[in-house]
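Step one of this worksheet: look at the structure below.
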Amino acid sequence: MIVLFTTERDYPWGTLRSTHGCKTKIVLEEKRIPYRIENLPPGHLWKKPPEMTARHPLGKVPYIEDDGFVVYDSTVIGEYLEDRYSWPRLIPRDDPQARARVRMLEQFADEALLVGNLPLIWMPYWSEPDKRDKARMEKGREGLRARDFPYLEQVLKEHPEGEYICGDFSMADVPLMVLAMVLEVDQPDLQAYPRLAEYLERLRRRPSYRAISPRTRVADAVSLMAAL
Ligand SMILES: N[C@@H](CCC(=O)N[C@@H](CS)C(=O)NCC(=O)O)C(=O)O
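Residue numbers (numbering that gives the first Met the number 0): 0 to 227.
Following this line, the structure appears as structure tokens:
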């Protein structure tokens, strides 16, 4: 069985998870791949103990172990799982432009959101409310409003052919489901971005979302596959 190494914690204000670890959970859930979670303490991300760097040289999460074979980096893990478990397909098979489009949007969401603006908002949530850096959070929100929300609204407007960002649900929707999760906690006003608001709601209605929802406790999330 695949072992997913990630970080998740229950707090009084919701269950918080590694955003990149959530990407891997979504792919595992969408492909109905049995897995179990090895939940690392958040301190491991700073301390980077040797048992972690032995598997991921940068000491980051997520990484997976598949029958003893280690794969790190959420994007590479997604592609590995796509190669290994082709159904349901999350990257189009034949059309080079369709494949590039999925990968571009996945890359955009990763760089602009998961590495760019979301940590400014998300990291403070791991502390108690009065210890959060409000200015940092506002900077992240401003970044979303200035660049990322308008771009996603535009993409959804230009390509209205399907329910998801590239038509059918694909690897490009995976990091955007993580955006849906963070925004469920942070609750921005999305009135100016109606297509994006509707799209994020659609992502939250997918069964795979339960595994990353801030309302799903850590203990409940790991048994989701068994319940299917
Ligand atoms: N490119 C990596 C990024 C992973 C990443 O930055 N993970 C965060 C947690 S969401 C982490 O481990 N941070 C600790 C660090 O940057 O040292 C991926 O896609 O897996």
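Ideal Cβ placement from N, Cα and C applies to all residues, glycine included.
Asked	Found
Name the residue from ILE90, TRP121, PRO193, LEU117 whose alpha carbon lies nearest to the alpha carbon of LYS30.	ILE90
Taking only three categories from DSSP, how would you classify GLU110?	helix
Would you say the beta carbon of LYS24 is closer than 6 Å to some non-hydrogen atom of ligand 1?	no
From which residue to which residue does the beta strand (DSSP E) around PHE68 run?	68-71
Note down the Cα distance separating MET170 from MET180, rounded to an integer number of angstroms.	16 Å
Can you look up THR14 in the DSSP assignment and give me helix, strand or coil?	strand
Can you list every residue whose CB sits closer than 5 Å to some heavy atom of ligand 1, going in chain order?	SER17, THR18, HIS19, LEU44, LYS59, VAL60, ASP72, SER73
Considering just the uninterrupted stretch of the alpha helix (DSSP H) at PHE148, what are its terminal residues?	148-157
Enumerate in chain order the residues of its own chain whose CB-to-CB distance from ARG8 is below 6 Å, with the five nearest sequence positions on each side excluded.	LEU15
Within the chosen definition, does the region 175-191 reach the region 16-29 through at least 3 CB pairs nearer than 8 Å?	yes
Below 7 Å between beta carbons: does that hold for TYR192 and PHE148?	yes
As a quick exercise: from TYR124, PHE168, ALA97, pick the residue whose alpha carbon is nearest that of PRO206.	PHE168
Where do the ends of the alpha helix (DSSP H) carrying ARG135 lie?	133-142
Determine the contact status of MET0 and ARG35, defining contact as a CB-CB distance below 7 Å.	yes
For ALA225, does the three-state DSSP call read helix, strand or coil?	Unreliable placement is indicated for ALA225, whose pLDDT of 46 sits below 50; the coordinate value is still reported in the next sentence. Helix at ALA225.
Whole angstroms is fine: what's the gap from VAL245's alpha carbon to ILE164's?	Outside the modelled stretch of the chain, which goes from 0 to 227, sits residue 245, for which no answer is possible.
Helix, strand or coil, according to DSSP, for ARG194 in the structure here?	helix
In angstroms with no decimal places, state the Cα-to-Cα distance between VAL184 and TRP121.	9 Å
Do you know offhand how far ASP65's Cα is from ILE76's?	11 Å
Hey, would you say VAL69 sits closer than 7 Å to TYR79, going by beta carbons?	no
Look up GLU127 in the DSSP assignment and say whether it is helix, strand or coil.	coil
Report yes if the C-beta distance between VAL173 and ILE25 is below 7 Å; otherwise report no.	yes
Taking just the CA atoms, how far does PRO187 sit from PRO213?	16 Å
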